[in-house]
């Protein structure tokens, strides 16, 4: 029995057949066959230069796509960053606008409050001034504390007094002097027997009667004067009217009295007229 022939040793590069074929025959067999058929048909043969150009072109196209993809991704990332910055700026500006809008509303509220206070103070001041002027002119009814000054004819026992004997009678000038003294003492409103006095109120003597606002009055004559109860009595006592009352009593027997009153009510004037000045030979 003969010994089997020794098996030849395997080449070290036997496992590199595929790599060897790729190095020795870089073209695919199918591609080589197609190239041979094209050459047999009279077509142009591919050259190494053409193959190289094709490979370079393919590589360039691949690089172009890669660069384009990278650029697009970078653009998207940059756009996202810009968008975030814009959103942040918008939110910041919105916060500033809200803050300033709130400040404007606060200022408007403050302005409205100040205007209301100013108008209220002005309105109240004008109303008080109007009321004071109306009281002085006698156009409206008024009430308050003040003085009651009473003058009455001299008492007589004679049932039929002597004609022409007026020494003990209250005259219109007596009332006139007392009224002027009360105005001088600070009286705000005056009436005689309920007839409100104004700057145009006449006090006259007609026959046996005294006329006030053209209305006849009879004694006793009560002069009601509204004013400061703390100042009016003392001020009136220092005037001519205060001394005049004492003189009427001492010299003519006329009955007089001065009393303070906590509440006096006076009506508005029944005759308040306004005259217009007219230039002689001209128009109103």
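Residue numbers (the numbering used here): 4 to 287. A virtual CB, placed ideally from N, CA and C, is assigned to each residue, including glycine. Since we're looking at a predicted model, the values are computed, not measured.
My understanding is that residue 227 touches residue 193, with C-beta atoms under 8 Å, so please give their C-beta distance in whole angstroms.
Translated into positions along the chain shown, residue 227 becomes position 224. Translated into positions along the chain shown, residue 193 becomes position 190. Sure, about 7 Å apart at Cβ, within 8 Å.
Taking its Cβ as the centre, do 16 or more other Cβ atoms sit within 10 Å of residue 177, making it buried, or is it exposed?
One-based indexing of the chain shown puts residue 177 at position 174. With 16 or more Cβ atoms within 10 Å of its Cβ, residue 177 is classed as buried.
Under the assumption that residue 206 contacts residue 267 (Cβ atoms under 8 Å), give the Cβ distance between them as a whole number of angstroms.
The count along the chain shown starts at 1 and reaches residue 206 at position 203. The count along the chain shown starts at 1 and reaches residue 267 at position 264. Residue 206 to residue 267, Cβ: 19 Å. No contact.
According to DSSP, is residue 193 part of a helix, a strand, or is it coil?
In the chain shown, the residue the question calls residue 193 occupies position 190. Residue state, collapsed to three classes: strand.
Rounded to whole angstroms, what's the CA-CA distance from residue 154 to residue 121? Just pull it up for me.
Working through the chain shown from its first residue, we reach residue 154 at position 151. Working through the chain shown from its first residue, we reach residue 121 at position 118. Roughly 49 Å separates the two Cα atoms.
Excluding the 5 residues flanking residue 144 on each side, which residues of the same chain have their C-beta closer than 8 Å to its C-beta?
Numbered from 1 along the chain shown, position 141 holds the residue referred to as residue 144. 268, 269, 270, 271.
Bridge partners of residue 174, per DSSP?
Mapped onto the chain shown, residue 174 falls at position 171. DSSP, once it has assigned bridges, lists no residue as partnering residue 174.
Can you list, in chain order, the residues of its chain whose CB lies under 6 Å from that of residue 204, leaving out five sequence neighbours each side?
Counted from its first residue, the chain shown places residue 204 at position 201. Taken in chain order, the residues that qualify are 216.
Using C-beta distances below 6 Å, list every residue in its chain close to residue 127, excluding the 5 sequence neighbours before and after it, in chain order.
Mapped onto the chain shown, residue 127 falls at position 124. Cβ neighbours of residue 127 beyond the five flanking positions: none.
Name the two residues that bound the continuous alpha helix (DSSP H) containing residue 239.
Reading the chain shown from its first residue, position 236 is the one you call residue 239. 235-240 is the span of the alpha helix (DSSP H), which, as asked, contains residue 239.
Name, in chain order, the residues that DSSP records as bridge partners for residue 215.
Along the chain shown, read from residue 1 onward, the residue named residue 215 stands at position 212. In DSSP, residue 215 forms a bridge with 206, 218.
Which value, in whole angstroms, describes the spacing of the CA atoms of residue 170 and residue 255?
Here residue 170 corresponds to residue number 167 of the chain shown, with the count starting at 1. Here residue 255 corresponds to residue number 252 of the chain shown, with the count starting at 1. Spanning the two alpha carbons is a distance of roughly 6 Å.
Within the 8 Å Cβ cut-off, does residue 248 reach chain C?
Looking for chain C here will not work: only one protein chain is present.
Applying the criterion that 16 or more other CB atoms from any shown protein chain within 10 Å of the CB defines a buried residue, is residue 103 buried or exposed?
Within the chain shown, numbered from 1, the residue matching residue 103 stands at position 100. By the neighbour-count rule (16 or more Cβ atoms within 10 Å), residue 103 is not buried but exposed.
Just confirm the distance between the C-beta atoms of residue 173 and residue 219, as a whole number of angstroms; I'd bet it's less than 8 Å.
As a position in the chain shown, residue 173 is number 170, starting the count at 1. As a position in the chain shown, residue 219 is number 216, starting the count at 1. That pair is no contact at about 13 Å.
What whole-angstrom Cβ distance do residue 180 and residue 247 have, given they're in contact under 8 Å?
Translated into the one-based positions of the chain shown, residue 180 becomes position 177. Translated into the one-based positions of the chain shown, residue 247 becomes position 244. 5 Å between Cβ atoms; contact.
Which same chain residues end up closer than 7 Å to residue 250 when comparing Cβ atoms and leaving out the 5 residues on each side of it in sequence?
Counting from one through the chain shown, the residue named residue 250 turns up at place 247. For residue 250, where only same-chain residues beyond five positions count, there are no Cβ hits under 7 Å.
When burial is assigned at 16 or more other CB atoms within 10 Å of the CB, is residue 68 buried or exposed?
In the chain shown, counting from the first residue as 1, residue 68 sits at position 65. By the neighbour-count rule (16 or more Cβ atoms within 10 Å), residue 68 is not buried but exposed.
Please determine, among 265, 259, 242, the residue with the shortest C-alpha to C-alpha distance to residue 152.
Position 149 of the chain shown, counting from 1, holds the residue named residue 152. Checking every option, the nearest Cα to that of residue 152 belongs to 259.
Could you check what DSSP says for residue 273 in three-state terms: helix, strand or coil?
Within the chain shown, numbered from 1, the residue matching residue 273 stands at position 270. DSSP places residue 273 in coil when its eight states are reduced to three.
Tell me whether residue 91 is buried or exposed, calling it buried when 16 or more other Cβ atoms sit within 10 Å of its Cβ.
The sequence position of residue 91 within the chain shown is 88, counting from 1. With fewer than 16 Cβ atoms within 10 Å of its Cβ, residue 91 is classed as exposed.
As a quick exercise: from 71, 43, 242, 234, pick the residue whose alpha carbon is nearest that of residue 148.
Here residue 148 refers to the residue found at position 145 of the chain shown. Comparing Cα-Cα distances from residue 148 to each of 71, 43, 242, 234, the minimum goes to 234.
Indicate whether residue 188 and residue 242 have their beta-carbon atoms separated by less than 8 Å.
Within the chain shown, the letter at position 185 stands for residue 188. Within the chain shown, the letter at position 239 stands for residue 242. Yes; because the gap between Cβ atoms is below 8 Å, this pair is in contact.
What did DSSP end up calling residue 267 once you bin it into helix, strand or coil?
Mapped onto the chain shown, residue 267 falls at position 264. It is a strand residue.
Helix, strand or coil for residue 153 per DSSP?
Here residue 153 is taken as the residue at index 150 of the chain shown, counted from 1. Looking at residue 153 - three-state DSSP - the assignment turns out to be strand.
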